[in-house]
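Engineer: My structure is below; once you've seen it, I'll send some questions.
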Amino acid sequence: RGFMSFAPWGVLGPVIALSSLIIGINLTADALAKALGIDRAQKAPV
Numbered sequence: 032r033g034f035m036s037f038a039p040w041g042v043l044g045p046v047i048a049l050s051s052l053i054i055g056i057n058l059t060a061d062a063l064a065k066a067l068g069i070d071r072a073q074k075a076p077v
């Protein structure tokens, strides 16, 4: 816990990497859905 106050990059690096991975996967899934003609914005019937 004390290490984080002296070296915040030890925490920020993995957080930035994980965030980039998640955003990249979402963008890839959206592009794939668009290429296949799937409308992901359409709401499911209730």
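Convert by adding 31 to the 1-based position in the sequence shown; the result is the number in this note's numbering. Glycine is no exception: its CB is placed at the ideal position from the N, C-alpha and C atoms.
(1) Who are the near neighbours of PRO76 in its chain, counting only those whose CB is closer than 8 Å to its CB and skipping five residues on each side?
(2) With DSSP run on the structure shown, which of helix, strand or coil describes ASP61?
(3) So, with DSSP's three-state summary, where would you put PRO76?
(4) At the level of alpha carbons, what is the spacing between TRP40 and PHE34?
Structural biologist: Well, looking at it:
(1) Residue mapping note: residue 76 aligns to position 45 of the sequence shown, counting from 1. Same-chain partners within the cutoff: there are none.
(2) Walking along the sequence shown from the start, residue 61 turns up at place 30. Correct three-state label for ASP61: helix.
(3) Indexing the sequence shown from 1 puts residue 76 at position 45. If DSSP states are grouped into helix, strand and coil, PRO76 belongs with coil.
(4) On the sequence shown, position 9 is the one that residue 40 refers to. On the sequence shown, position 3 is the one that residue 34 refers to. Their Cα atoms are separated by approximately 10 Å.
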